[in-house]
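Just so we're aligned, residue 303 is where the sequence shown starts under my numbering, counting upward by one.
A virtual CB, placed ideally from N, CA and C, is assigned to each residue, including glycine.
Model, not experiment: these values are computed from the prediction.
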Amino acid sequence: MNTSIAAREARGAAGDLGGSGAWTRYLVPLGRAAFAGVFVVFAPGDFTPQGVAFAAQQGVPLPGVLVPLAGVISLAGGLSVVLGYRARAGACLLMLFLVPVTYWMHNFWAIRDPMMAQMQFGFFMANVSRVGGALLIAHFGAGPLSLDARAHRR
Numbered sequence: 303m304n305t306s307i308a309a310r311e312a313r314g315a316a317g318d319l320g321g322s323g324a325w326t327r328y329l330v331p332l333g334r335a336a337f338a339g340v341f342v343v344f345a346p347g348d349f350t351p352q353g354v355a356f357a358a359q360q361g362v363p364l365p366g367v368l369v370p371l372a373g374v375i376s377l378a379g380g381l382s383v384v385l386g387y388r389a390r391a392g393a394c395l396l397m398l399f400l401v402p403v404t405y406w407m408h409n410f411w412a413i414r415d416p417m418m419a420q421m422q423f424g425f426f427m428a429n430v431s432r433v434g435g436a437l438l439i440a441h442f443g444a445g446p447l448s449l450d451a452r453a454h455r456r
């Protein structure tokens, strides 16, 4: 009897991502889109002179090279997760994007104005939570309604 309870708890803890429940089936793709859509929407800004200039003001080294590269990584990772195509790799790309961007663009510890420091701290923590979301996708995958799941069923 205890084994049965433990098995049910283990399935619940894993979020039943491989299951067929209606919640999993429809909420996981919505979550993927909500999480990764922001990367797709904002990536084009990394290819503009304004995006490069802003990064240069923040002290990003080689902004003319690194900012467009960050845009490619962000766009590729975001599309990968939204579509559920190689979502684990896409989530890793998003982490590769987030860690340096969070350090360089939201360095609240270097800002003297308390209001601006507080604002950048909020952006910093938002990116930390995004890293957490990417870690979950990297571990659990894209879920049942995804190109990854479709390829696996074949």
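Which residues in the same chain as residue i place their Cβ atom closer than 8 Å to its Cβ, once the five residues preceding and following it in sequence are excluded?
{"i": "Ala440", "result": "Arg390, Ala393, Cys394, Met397"}
{"i": "Arg334", "result": "Val383, Val384, Gly386, Ala389, Ile439, Ala444, Gly445, Ser448"}
{"i": "Gly339", "result": "Gly380, Val384"}
Once you ignore the five residues that flank residue i on each side, which residues in its own chain have a CB closer than 7 Å to its CB?
{"i": "Glu311", "result": "Confidence in Glu311 is poor, its pLDDT being 36 and thus under 50, which makes the residue's placement too unreliable to answer from."}
{"i": "Pro365", "result": "Val354, Ala357, Ala358"}
{"i": "Phe425", "result": "His408"}
{"i": "Asp450", "result": "Gly386, Tyr387, Arg388, Ala389, Gly443, Ala444"}
{"i": "Phe423", "result": "Phe410"}
From the DSSP output, in three-state form, read off residue i for me.
{"i": "Val362", "result": "coil"}
{"i": "Ile375", "result": "helix"}
{"i": "Thr350", "result": "coil"}
{"i": "Pro331", "result": "helix"}
{"i": "Gly380", "result": "helix"}
{"i": "Gly386", "result": "coil"}
{"i": "Gly323", "result": "coil"}
{"i": "Pro370", "result": "helix"}
{"i": "Gly445", "result": "coil"}
Along the alpha helix (DSSP H) that carries residue i, what are the first and last residues, could you check?
{"i": "Ser431", "result": "416 to 442"}
{"i": "Asp450", "result": "449 to 455"}
{"i": "Tyr405", "result": "389 to 407"}
Please confirm if residue i has its CB atom under 7 Å from at least one CB of chain C.
{"i": "Arg432", "result": "This model lacks chain C altogether; it includes just one protein chain."}
Within its chain, find whatever has a CB closer than 6 Å to the CB of residue i; leave out the 5 residues flanking it on each side and keep chain order.
{"i": "Ala419", "result": "Phe410, Ile413"}
> Within the chosen definition, does the region 360 to 369 reach the region 400 to 412 through at least 3 CB pairs nearer than 8 Å?
Replying inline: yes
> Are the region 429 to 448 and the region 369 to 387 touching, with three or more C-beta to C-beta distances below 8 Å?
Replying inline: yes
>> Taking 8 Å as the cut-off, does the region 325 to 332 touch the region 439 to 453 (at least 3 CB pairs, one atom from each stretch)?
In response: yes
> Are the region 340 to 351 and the region 367 to 377 touching, with three or more C-beta to C-beta distances below 8 Å?
Replying inline: yes
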